[in-house]
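Sequential numbering from 1 applies to the sequence shown in the UniProt record's numbering.
Positions of the beta carbon are idealized from the N, C-alpha and C atoms, including for glycine.
For reference, the structure discussed in these notes is given below.
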Amino acid sequence: MAETEHNATLFINPNTPTRMAVVNEDALNARGNPRGYCIDHKTFTYPLIPDDAWIMETANFMKYHVAMTAHKDDEPTSTTIFDQATPKEPVVRFEDYIDGDSVRRQDVVAWVSAGTWHIPVAEDAPNTPSIAHAVGFVLRPFNYFDEDAALHTREVTIIRNDFETMEAAVVDTRDCVPHAGLTAHAAVDSFDSPTDDYK
């Protein structure tokens, strides 16, 4: 568990796999693990600019793939358009946000950087295909549920057992074993809401 902003940063290294997660230590799942969400990068890059280059004064958010800071109303953005005019003396210097505040049992902000390298090719003209240059990350449940949440969905597997009437047999959601004499229409109301267990 990270205690302060200084040790709540992540620079992804494929040789030492690490995952950043935000958890609530007061809300435990059935196995006693704190419920939370992890940040799963779909794309990331490494800065091609040295850390000590003058332009990094205005772009020092690029030094981190994730940085967690305590929430502050006066820290609304990691950069600003005005930094283009004064890159050596930026209006917003992101690293100033990482000033050692406690992040444990606090409201936090996850500053996530995701990117891709674009090497221009002839096929970029007249329009660069955006699907080939998508960037992003996913917030993924991290011990949030007690088991695979799909087990509690209403979208059950249906086995068609009578092709003349198209009457469907509802199957057990774990084992795909049909319930004897229970049709899909009769069973819909018998299932619990998928969110009942996680309020």
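- Distance check between residue 100 and each of 68, 47, 49 and 37 places 68 closest, using alpha-carbon atoms only.
- For residue 69, the uninterrupted beta strand (DSSP E) segment begins and ends at 66 to 70.
- Taking a C-beta distance under 8 Å as the contact criterion, residue 115 and residue 58 do not qualify as a contact pair.
- Cα atoms of residue 135 and residue 41: separation of roughly 9 Å, rounded to the nearest angstrom.
- Residue pairing for residue 141: DSSP places it in a beta bridge opposite 37.
- A direct Cα-Cα distance of roughly 34 Å separates residue 139 from residue 126.
- Under the three-state reduction of DSSP output, residue 21 falls in the strand class.
- The shortest CA-to-CA distance from residue 24 to any of 137, 108, 151 and 149 is the one to 108.
- With respect to the 8 Å criterion, residue 36 and residue 21 are classified as neighbours on the basis of their beta carbons.
- Nearest to residue 38 by alpha-carbon distance, out of 31, 47, 18 and 48, is 18.
- For residue 144 and residue 34, the gap between their C-alpha atoms comes out near 7 Å.
- The beta carbon of residue 82 is closer than 6 Å to those of 91 in its chain, skipping five residues each way along the sequence.
- In the structure shown, residue 117 adopts coil according to DSSP, grouped into three states.
- Counting every other CB atom within 10 Å of its CB across the protein chains shown gives residue 111 a total of 16 or more, marking it as buried.
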